[in-house]
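A.B. asks:
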Amino acid sequence: MTDRNIRVRFAPSPTGPLHIGGVRTALYNFLFARHHGGTFILRIEDTDQTRYVEGAEEYIMDSLAWAGIKVDEGVREGGPFAPYRQSDRKEIYHRYADELLGSGDAYYAFDTPEELERLRHDYESRGETFNYGCTTRMTMCNSLTLTAEEVKRRVGSGEHYVVRYRMPENEDIHFSDLIRGDIVVNTSTLDDKVLYKSDGMPTYHLANIVDDHLMEISHVIRGEEWLPSLPLHVMLYRSFGWDAPLFAHLPLLLKPTGKGKLSKRDGDKMGFPVFPLYWPYGETASGYREEGYFPEAFVNMLALLGWNPGTEQEIFTMDELIAAFTIDRVGKSGSRFDPDKAKWFNARYFQMKNDEELTDLFMPLVKEKGFNPDRAVLVRIVSLVKERAGFVKDLWNEADFFFVAPESYDAEVVRKRWTADSPRQMTELRDLVGGVQPFVPEVLEKSVKEWIASKGYNTGAILNLFRLLLVGASRGPHLFDIAALIGRVETLRRLDDGISRLSAQTR
Ligand code: GLU
C-alpha cells in the first residue's frame, strides 16, 4: 500500500542518550511509514535549553543509523519542511503564540517563580496541590486580572512573562487513540499550561503541535508517557482550527521484574544495556552495539516488545517487519523487557551467519589478542565452535585453546581422572600420536581408539585425560578435530607438558 500522505515523526529531545524505549518508538514510526509507503521524519525537539545535553543529538542520529532505521526527512537529511531542529525554527512559534493571545485562548502571566513556589508550598502544607487553572487564574498576576495598559507596559518594558493556554472550564473533550480507543477528559481537571516564554522559546506543547501541523504529520506515534498531554494537544488543534493527526500511544517498556517502567538507570545496575550505543558523556553507560549485538537482532527484539505479528514467527528481517507491522497489533499493556530474550535473539542471528561472515567478524578480535592465523584455519575453528556461541566475542572463550596452550588444568578433572597409571598411559598415547599418518581427525581417532581397545583401557578416562592435556579442561569441540588443527608438534608439546606438570603436581 502506498500512501504519500502518511507522514510520521520521531521527535526526541536531546537531553541525553536515547533509551531503548525511544528506539522502539522510532522503529514503530519507521515501520508504519514504510508499510504505507509514507515518510519518516526525525525532528529534534530542543526548545528546553536547560535540559540540552551536548552530544545527544548526534547520538540519536547515530543510534537510528546503526539500527537501520532510515530517516527520510531530518536534520542531516534535509527535506521540504526544513529546518527540522526546533531551535532553528524559533521565529515560527512566536506567531502562533500571538494568534492564541489574539483569540483569547491564551494569556500573558507575570507571576514570578518565587510567587508560584510560595503558592505551591502553601497548598502542599494544607495537603492540596496548586494548579494554575480555572479555579486560580483570576487571583493571579496575568492579563486576565491586570488592565490592558498595564499588560502593554509590562510586555513593552521587557518584563519576564509566560504565555499560558486558557483551558476552558468544565467541558468534556472527546478524542480517540488508535491503541487505547475513545477517551473523554473534563477540562476542569487540566491546568493552564505554559506555551511560550518571553525569552523567545516555546514550550514542548506549542512547538510540538505547530510543527506537527506545519510538517503535515498524519499520525503521532509516541510513548504512553505523553498521553496526559493529549487533551491539551487536542484543545490546541481546536483553538488553531486545524485538523488533528491521529494518535497512537505505545505501551511502556517494563523492568525485567515486570514492576515499573524500565529506566535509564536500570541497565548497568541490572547487568544489561538500556542504550543502543555506548554513551561516553557524563555517567557513561554500555550500549548494545559495543556489547556485540547485531543491529538486526536488536531491532527484531525491540519490534516484538509491544507488537505481535499474530503468528508464532519470531525472527523477522526489517523487510518482513515492514510488511507485517500494523498499529492494531500493538498491545495496550506494558511489555516486560527480558535481557535473556535479547541474548537469545542475538544468538539466533549469530547462528544464521555463515562461517565466512563470522570469520570476518572474529579475525580482528583474534589479531587483537596477538595472533595472526591463516584465514582457512580460522574458518575451520569458527565452524567447530560456533554452535556454542551467541556473540562474536564468545568465540574467543570457546576457541582460545587453539591459540594458547593450557596454563593450568581443571582441578576437578585432575582429581577424578589423573591416577598412578596416567603418566605411563599418556606417554604411550604420546608415542602413538607421534607416529600417526596422516595427522587428520579420522585417522587419529581410529588409531587412538584401537590402541585403547588393545590395552583394555577405559575409553572415557583416556579421552578425558587427552582433552585435559590439550585444552586444560573438559570443554571444546571434538577432541580429534582439536588435535588435528593445532597440529602434531603442538599436540606432542601439550602432551609432554601435561605429563610432566601433572606428574610433578600429584607426586
Ligand atoms: N520531545 C518529546 C520527547 O522527548 C516528543 C513527544 C512526542 O512525540 O510528541 O519524547
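According to the working numbering, the sequence shown holds residues 137 to 643 in order. We put the CB at the ideal spot given by N, CA and C, even for glycine. Keep in mind that this is a model prediction, so the values were computed, not measured.
(1) Have a look at the DSSP bridge pairing and note the partners of Ala439.
(2) In three-state terms, what does DSSP make of Pro131?
(3) With distances taken from CA atoms, which of Phe311, Asp313, Glu305 and Cys277 is nearest His296?
(4) Give the single residue among Lys585, Ala512 and Ala609 whose Cα lies nearest to the Cα of Ala547.
(5) How about the region 242-253 and the region 269-285: do they share at least three Cβ pairs that are nearer than 8 Å?
(6) Return the bridge partner residues of Tyr645 from the DSSP annotation.
(7) Is any heavy atom of ligand 1 found at a distance shorter than 7 Å from the C-beta of Arg358?
(8) Is any heavy atom in ligand 1 found nearer than 7 Å to the beta carbon of Ala147?
(9) Are Ile341 and Lys329 close, meaning C-beta to C-beta below 8 Å?
(10) State the DSSP-derived secondary structure class of Tyr195, mapped to helix, strand or coil.
(11) Check the Cβ-Cβ distances between Leu568 and every residue of chain D, and say whether any is below 8 Å.
(12) Where do the ends of the alpha helix (DSSP H) carrying Gly116 lie?
(13) When burial is assigned at 16 or more other CB atoms within 10 Å of the CB, is Leu350 buried or exposed?
(14) Restricting to runs no shorter than 3 residues, where is the beta strand (DSSP E) found entirely within the region 359-395?
(15) Phe408 to Gly359, Cα distance in whole Å?
(16) How is Ser544 classed by DSSP in three states: helix, strand or coil?
(17) Below 8 Å on the Cβ atoms is my contact criterion, and I expect Ala512 with Phe575 to pass it. Report the Cβ-Cβ distance as a whole number of Å.
(18) In chain order, which alpha helix (DSSP H) runs of at least 4 residues are fully inside the region 270-320?
(19) Looking at C-beta atoms only, is the number of pairs between the region 424-436 and the region 166-174 that lie closer than 8 Å three or more?
(20) Closer than 6 Å by C-beta to Gly634: which residues in its own chain qualify, once you throw out the five before and the five after it? Chain order, please.
(21) If we ignore side chains and look at the alpha-carbon of each, how far apart do Pro559 and Lys552 end up?
(22) Could you spell out the range, first to last residue, of the beta strand (DSSP E) harbouring Val211?
(23) Any idea if Gly263 is buried or exposed, counting beta-carbon neighbours within 10 angstroms, 16 or more meaning buried?
(24) Can you list, in chain order, the residues of its chain with a C-beta nearer than 7 Å to that of Arg256? Leave out the 5 residues immediately preceding and following it.
(25) Use the C-beta contact count for Lys288: other C-beta atoms within 10 angstroms, 16 or more gives buried, fewer gives exposed.
(26) Could you tell me if Gln641 is buried or exposed, where buried requires 16 or more neighbouring beta carbons within 10 angstroms of its beta carbon?
(27) Under the three-state reduction of DSSP, which class applies to Asn322: helix, strand or coil?
(28) Which residues does DSSP list as the beta-bridge partners of Ser177?
(29) From the DSSP output, which residues share a beta bridge with Val466?
(30) Does at least one heavy atom of ligand 1 sit under 7 Å from the Cβ of Tyr188?
(31) Do the region 404-421 and the region 190-202 make contact, defined as three or more Cβ pairs closer than 8 Å?
(32) How would you label Tyr420, buried or exposed, when you count the other beta carbons within 10 angstroms and need 16 or more for buried?
(33) To the nearest angstrom, how far is the alpha carbon of Arg212 from that of Leu178?
(34) Pick out whichever of Phe498, Val540 and Phe539 has its Cα sitting closest to the Cα of Phe527.
(35) Return the CA-CA distance between Pro530 and Leu615, expressed in angstroms with no decimal places.
(36) Compute the minimum distance between the beta carbon of Trp362 and the heavy atoms of ligand 1, and state whether it is under 7 Å.
C.D. replies: Here's the rundown:
(1) Secondary-structure assignment with DSSP links Ala439 through no beta bridge to anything.
(2) As shown, the chain starts at 137 and ends at 643. That puts residue 131 outside it, with no answer to give.
(3) Cys277
(4) Nearest of Lys585, Ala512 and Ala609 to Ala547, Cα basis: Ala609.
(5) They touch, by the three-pair rule.
(6) Coverage of the chain is limited to positions 137 through 643, which leaves residue 645 absent and any answer about it impossible.
(7) yes
(8) Flag set: Cβ of Ala147 near ligand 1.
(9) The sequence shown places His at residue 341, rather than the Ile named in the question. Their beta carbons are under 8 Å apart, which means His341 touches Lys329 by this criterion.
(10) helix
(11) Among the chains in the structure shown there is no chain D, since it carries only a single protein chain.
(12) Because the chain here runs from 137 to 643, residue 116 falls outside it and cannot be looked at.
(13) exposed
(14) Entirely contained in the region 359-395, the beta strand (DSSP E) runs reaching 3 residues are, in chain order, 382-386.
(15) Computed Cα separation, rounded: 22 Å.
(16) coil
(17) Actually they do not touch by this definition, with Cβ atoms about 16 Å apart.
(18) 284-292
(19) no
(20) Leu605
(21) 15 Å
(22) No beta strand (DSSP E) holds Val211; DSSP gives it neither H nor E.
(23) exposed
(24) Phe266
(25) exposed
(26) exposed
(27) Annotated three-state conformation of Asn322 is strand, per DSSP.
(28) Per the sequence shown, residue 177 should be read as Ile rather than Ser. The partner list for Ile177 (beta bridge, DSSP) reads Arg145 and Glu209.
(29) Trp443
(30) Remark: the shortest separation between the CB of Tyr188 and any heavy atom of ligand 1 does not fall under 7 Å.
(31) Yes, they touch.
(32) It should be noted that the sequence gives Thr, not Tyr, for residue 420. It is exposed - the Cβ of Thr420 has fewer than 16 other Cβ atoms within 10 Å.
(33) 9 Å
(34) Answer by Cα proximity: Phe498.
(35) Position check: residue 530 holds Asp in this sequence, whereas Pro was assumed. Asp530 and Leu615: Cα-Cα distance of roughly 20 Å.
(36) Yes - ligand 1 has a heavy atom lying nearer than 7 Å to the Cβ of Trp362.
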